[in-house]
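Peer 1:
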Amino acid sequence: MTDTTELTLLRNALDKLAEGYSDLPEFSTEFDAGAVGDVLQEVATRMHDNFPYYHPQYAGQMLKPPHPVARIAYAMSLWVNPNNHALDGGRASSAMEKECVIELGRMFGWDGPLGHLTGGGTMANLEALWVAGRLHPGKRIVASEQSHYTHSRISEVLGLPFSPVAVTGDGRMDIVELELLLREGNIGTVVATIGNTGLGAVDPLPDLVALQSKYDFRIHADAAYGGYFGLAGQLHDDTRAVYDSLAAVDSIVIDPHKHGLQPYGCGCILFRDPSVGQLYKHSSPFTYFSSAELHLGEISLECSRPGASAVALWATQRLLPLVREGEFAAMLNDCLYAARDFWKRLRDSKYFVPLMEPELDIVVYAIDAPDSRSASERARRVFSKAAEHDLHLAMIELPVQLVQRYAPSIKANSETITCLRSVLMKPEHLDWLDRIVEVLELSAAEIT
Ligand SMILES: *Cc1c(COP(=O)(O)O)cnc(C)c1O
Numbered sequence: 007m008t009d010t011t012e013l014t015l016l017r018n019a020l021d022k023l024a025e026g027y028s029d030l031p032e033f034s035t036e037f038d039a040g041a042v043g044d045v046l047q048e049v050a051t052r053m054h055d056n057f058p059y060y061h062p063q064y065a066g067q068m069l070k071p072p073h074p075v076a077r078i079a080y081a082m083s084l085w086v087n088p089n090n091h092a093l094d095g096g097r098a099s100s101a102m103e104k105e106c107v108i109e110l111g112r113m114f115g116w117d118g119p120l121g122h123l124t125g126g127g128t129m130a131n132l133e134a135l136w137v138a139g140r141l142h143p144g145k146r147i148v149a150s151e152q153s154h155y156t157h158s159r160i161s162e163v164l165g166l167p168f169s170p171v172a173v174t175g176d177g178r179m180d181i182v183e184l185e186l187l188l189r190e191g192n193i194g195t196v197v198a199t200i201g202n203t204g205l206g207a208v209d210p211l212p213d214l215v216a217l218q219s220k221y222d223f224r225i226h227a228d229a230a231y232g233g234y235f236g237l238a239g240q241l242h243d244d245t246r247a248v249y250d251s252l253a254a255v256d257s258i259v260i261d262p263h264k265h266g267l268q269p270y271g272c273g274c275i276l277f278r279d280p281s282v283g284q285l286y287k288h289s290s291p292f293t294y295f296s297s298a299e300l301h302l303g304e305i306s307l308e309c310s311r312p313g314a315s316a317v318a319l320w321a322t323q324r325l326l327p328l329v330r331e332g333e334f335a336a337m338l339n340d341c342l343y344a345a346r347d348f349w350k351r352l353r354d355s356k357y358f359v360p361l362m363e364p365e366l367d368i369v370v371y372a373i374d375a376p377d378s379r380s381a382s383e384r385a386r387r388v389f390s391k392a393a394e395h396d397l398h399l400a401m402i403e404l405p406v407q408l409v410q411r412y413a414p415s416i417k418a419n420s421e422t423i424t425c426l427r428s429v430l431m432k433p434e435h436l437d438w439l440d441r442i443v444e445v446l447e448l449s450a451a452e453i454t
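Just so you know, the sequence shown maps onto residues 7 to 454 in the numbering used here.
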């Protein structure tokens, strides 16, 4: 799991860090190493009760190990423990955060967005919808039925009305249904999900942008999971077109702790128009809201935030720049290939029926069965059986009609069907597909 190289690199980085403080009188924190060692052994034992998220045989939820450079930079920065709420608490890490945010903005085609890191996608979406509500008070927020459940909940927190929009058979927002809602009026913001969490489907953003010529609404792009895929060269044309139109939206959320190789606690909110920073105004007398002078504590709803997250992200973006054709982009392409290849292999299987062809790197598949109840039951049994063979999957509950589009032979005797779901977000998954499919087939054979 760990490599002694990582520990040596951390040691060397800490030595370099200490050089910066060598003028101070000698001081170190005293602690009982024996007692700490005992507790740590106990903690490590407790941690056995986790799935092996870092391993390619974990092919379930949206979990991806941080890059070693992120892990080491994060750990190293804890010896300073900066707080990015204000410059007093973390000058260097605040500067790094601003540089990271500029790079993320550039990836979406924005020159000087207002933005900052957050605890995660939920907090970042909260800020986006809070700004949306301030600009369109009392107006409705809409998002697709497959959007993250956080949008309806956040709308509730903000006291804004919320409506879901139906999806088409491929899992994307149904533009015809959206226009019906827009015609009724009073919609302030449409949330476009750029890669939904369940199916990995990307909402048809160019169509949404086109609707802005007829109706007045903001567009918020929730790209928490899918945001980085614009760098991938291997997207299908219609998906490519979505990423190419992202610069036209008003705000974007991206989660570096999903596909950006970061430890948890790293989301990001970006606003195209930096003047929305005025909305954050509070009693502090020193506020500047030009993008060049953003003061992180003045433009964030969260106060204390880990400077460590910015340090880790900066190190990662330094090592793996956010450019098309780069090493980071190549990893995303491998995830796309892995998902497409997995989908094809499932199509050839006698046990499984894959749903829509993956747009990004999520594959959803039903187990063939005479009816929806037994398909659900079999899915749950394959899930458990595969886990016994150390292959870890996820499950998703989907409306029966959506699944029947792909598996018409499954008769409906329930409203929903439990399907299996694999997020193939580790580039190594590509090389592990033989093994993954072999264990899946074996597990399916064993339960039938
Ligand atoms: C993960 C996710 C969220 C929630 O983000 P957290 O980082 O888990 O708080 C919101 N929207 C989408 C599309 C996501 O994938």
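Glycine included, each C-beta is placed from N, C-alpha and C at the ideal position.
Being a predicted model, the structure only gives us computed values, none of them experimental.
Could you tell me whether the Cβ atoms of Ala76 and Thr322 are closer together than 9 Å?
Peer 2: Here the question's residue 76 lines up with position 70 in the sequence shown. Here the question's residue 322 lines up with position 316 in the sequence shown. Yes.
Peer 1: Is Thr203 close to ligand 1? I mean its beta-carbon at under 8 Å from any heavy atom of the ligand.
Peer 2: Walking along the sequence shown from the start, residue 203 turns up at place 197. The answer is yes for Thr203.
Peer 1: For Arg386, collect the residues of the same chain with a Cβ closer than 8 Å to its Cβ; drop the 5 residues on either side in sequence, then sort them by chain order.
Peer 2: Residue 386 sits at position 380 when you count from the first residue of the sequence shown. Excluding residues within five positions, the ones whose Cβ falls inside 8 Å are Met401 and Thr424.
Peer 1: With respect to 8 Å, is the separation between the Cβ of Tyr231 and the closest non-hydrogen atom of ligand 1 below this value?
Peer 2: Here residue 231 refers to the residue found at position 225 of the sequence shown. It does: the Cβ of Tyr231 is within 8 Å (strictly closer) of some heavy atom of ligand 1.
Peer 1: Can you check which of these residues, Ile275, Pro212 and Leu15, is closest to Leu110 by C-alpha distance?
Peer 2: Position 104 of the sequence shown, counted from the start, is the residue given in the question as residue 110. Leu110 has its Cα closest to that of Ile275, out of Ile275, Pro212 and Leu15.
Peer 1: Classify Ala227 as helix, strand or coil using the three-state DSSP reduction.
Peer 2: Looking up residue 227 in the sequence shown gives position 221. Note: Ala227 maps to strand in three-state DSSP.
Peer 1: Which complete alpha helix (DSSP H) runs does the stretch 114-194 hold, if anything under 4 residues is left out?
Peer 2: 127-141, 156-164 and 181-190
Peer 1: Determine which residues share a DSSP beta bridge with Arg427 and list them.
Peer 2: Within the sequence shown, residue 427 is the residue found at index 421, counting from 1. Val370 and Ala400, per the DSSP bridge assignment.
Peer 1: Would a C-beta distance cut-off of 9 Å place Ser150 and Arg178 closer than the cut-off?
Peer 2: Within the sequence shown, residue 150 is the residue found at index 144, counting from 1. Within the sequence shown, residue 178 is the residue found at index 172, counting from 1. Yes. Within cutoff.
Peer 1: Would you kindly report the start and end of the unbroken alpha helix (DSSP H) that includes Val248?
Peer 2: To locate residue 248, count along the sequence shown from 1; it is residue 242. Where Val248 is concerned, the enclosing alpha helix (DSSP H) stretches over Asp243 to Asp250.
Peer 1: Flag this pair as yes or no: are the beta carbons of Glu421 and Val406 separated by less than 9 Å?
Peer 2: Numbered from 1 along the sequence shown, position 415 holds the residue referred to as residue 421. Numbered from 1 along the sequence shown, position 400 holds the residue referred to as residue 406. Taking 9 Å as the cut-off, the Cβ atoms of Glu421 and Val406 count as close.
Peer 1: Determine which residues share a DSSP beta bridge with Tyr64 and list them.
Peer 2: Residue 64 sits at position 58 when you count from the first residue of the sequence shown. Looking at the DSSP assignment, Tyr64 forms a beta bridge with His398.
Peer 1: Taking Glu363 as the reference, give the member of Arg346, Tyr357 and Asp374 with the closest Cα.
Peer 2: The residue given as residue 363 occupies position 357 in the sequence shown. Ranking Arg346, Tyr357 and Asp374 by Cα distance to Glu363 puts Arg346 first.
Peer 1: To the nearest angstrom, how far is it from the Cα of Tyr64 to the Cα of Val429?
Peer 2: Looking up residue 64 in the sequence shown gives position 58. Looking up residue 429 in the sequence shown gives position 423. Near 9 Å, if we compare the C-alpha coordinates of Val429 and Tyr64.
Peer 1: Starting from the C-beta of Leu352, find all residues in its chain whose C-beta is less than 6 Å away, skip the five residues before and the five after it, and write them out in chain order.
Peer 2: As a first step, residue 352 is located in the sequence shown; it is residue number 346 there, counting from the start. Correct list, in chain order: Phe358, Pro360 and Tyr371.
Peer 1: Looking at C-alpha atoms only, which residue of Thr245, Ala134 and Glu185 is the closest neighbour of Gln218?
Peer 2: The residue labelled residue 218 in the question sits at position 212 within the sequence shown. Of the listed residues, the one whose Cα sits closest to Gln218 is Glu185.
Peer 1: Give every residue of the same chain whose Cβ lies closer than 6 Å to the Cβ of Arg411, excluding the five residues on either side of it in the sequence, and list them in chain order.
Peer 2: Counted from its first residue, the sequence shown places residue 411 at position 405. Gly175.
Peer 1: Kindly examine ligand 1 and report whether one of its heavy atoms sits closer than 8 Å to the Cβ of Gly26.
Peer 2: The residue given as residue 26 occupies position 20 in the sequence shown. Annotation for Gly26 indicates a beta carbon at 8 Å or more from all heavy atoms of ligand 1.
Peer 1: What are the boundary residues of the alpha helix (DSSP H) that includes Phe334?
Peer 2: Taking the sequence shown and counting its residues from 1, one reaches residue 334 at position 328. Run containing Phe334: Glu333 to Arg353, per the alpha helix (DSSP H) assignment.
Peer 1: Taking the continuous alpha helix (DSSP H) assigned at Ser83, which residues delimit it?
Peer 2: Counting from 1 along the sequence shown, the entry for residue 83 is found at position 77. Its alpha helix (DSSP H) spans residues Pro74 to Ser83.
Peer 1: Run through the DSSP bridge pairs and tell me what Pro360 is partnered with.
Peer 2: The residue you call residue 360 lines up with position 354 of the sequence shown. DSSP output for Pro360 lists Tyr371 as bridge partner(s).
Peer 1: Roughly how many whole angstroms lie between the Cα atoms of Thr245 and Glu32?
Peer 2: To locate residue 245, count along the sequence shown from 1; it is residue 239. To locate residue 32, count along the sequence shown from 1; it is residue 26. If you take the alpha carbons of Thr245 and Glu32, they lie about 57 Å apart.
Peer 1: Could you tell me whether any non-hydrogen atom of ligand 1 is closer than 8 Å to the CB of Met129?
Peer 2: For the purposes of this step, residue 129 is taken as residue 123 along the sequence shown, with counting starting at 1. Checking the Cβ of Met129 against ligand 1 gives yes.
Peer 1: In its own chain, which residues sit with a C-beta less than 6 Å from the C-beta of Glu183, not counting the 5 before and 5 after it?
Peer 2: Reading the sequence shown from its first residue, position 177 is the one you call residue 183. Same-chain partners within the cutoff: Val171 and Ala172.
Peer 1: If you run the structure through DSSP and keep just helix, strand and coil, what is Asn87?
Peer 2: Start at 1 with the first residue of the sequence shown, and residue 87 comes out as number 81. In the structure shown, Asn87 adopts coil according to DSSP, grouped into three states.
Peer 1: Can you round the beta-carbon distance between His154 and Asp228 to whole angstroms, since I take them to be within the 8 Å contact cut?
Peer 2: Against the sequence shown, residue 154 aligns to sequence position 148. Against the sequence shown, residue 228 aligns to sequence position 222. The Cβ separation is near 6 Å, so the contact holds.
Peer 1: With Ala198 and Val255 assumed to form a contact (beta carbons below 8 Å), what rounded beta-carbon distance in angstroms separates them?
Peer 2: As a first step, residue 198 is located in the sequence shown; it is residue number 192 there, counting from the start. As a first step, residue 255 is located in the sequence shown; it is residue number 249 there, counting from the start. In this structure Ala198 is in contact with Val255, their Cβ atoms being roughly 7 Å apart against a cut-off of 8 Å.
Peer 1: Under 9 Å between C-beta atoms, does Leu184 make it to chain C?
Peer 2: Included in the structure is just one protein chain, with no chain C present.
Peer 1: Thinking C-alpha only, which one of Leu132, Tyr80 and Ala418 is nearest His157?
Peer 2: Stepping through the sequence shown from its first residue, residue 157 is reached at position 151. Nearest of Leu132, Tyr80 and Ala418 to His157, Cα basis: Leu132.
Peer 1: For the alpha helix (DSSP H) containing Val49, name the first residue and the last one.
Peer 2: On the sequence shown, residue 49 is found 43 positions in, with the first residue counted as 1. In this chain, the alpha helix (DSSP H) harbouring Val49 covers Ala39 to Arg52.
Peer 1: My understanding is that Leu342 touches Asp367, with C-beta atoms under 8 Å, so please give their C-beta distance in whole angstroms.
Peer 2: As a working note, residue 342 is residue 336 in the sequence shown. As a working note, residue 367 is residue 361 in the sequence shown. Their Cβ separation, rounded to whole angstroms, is 6 Å, which keeps Leu342 and Asp367 in contact under 8 Å.
Peer 1: Short of 6 Å in beta carbon distance, which residues of its chain neighbour Ala418, apart from the five on each side in sequence? Order them along the chain.
Peer 2: The count along the sequence shown starts at 1 and reaches residue 418 at position 412. So the qualifying residues of the chain are Ser378 and Val406.
Peer 1: Give the secondary structure of Lys264 by DSSP, where H, G and I count as helix, E and B as strand, and everything else as coil.
Peer 2: Here residue 264 refers to the residue found at position 258 when the sequence shown is read from its first residue. Of the three classes helix, strand and coil, the one that applies to Lys264 here is coil, per DSSP.
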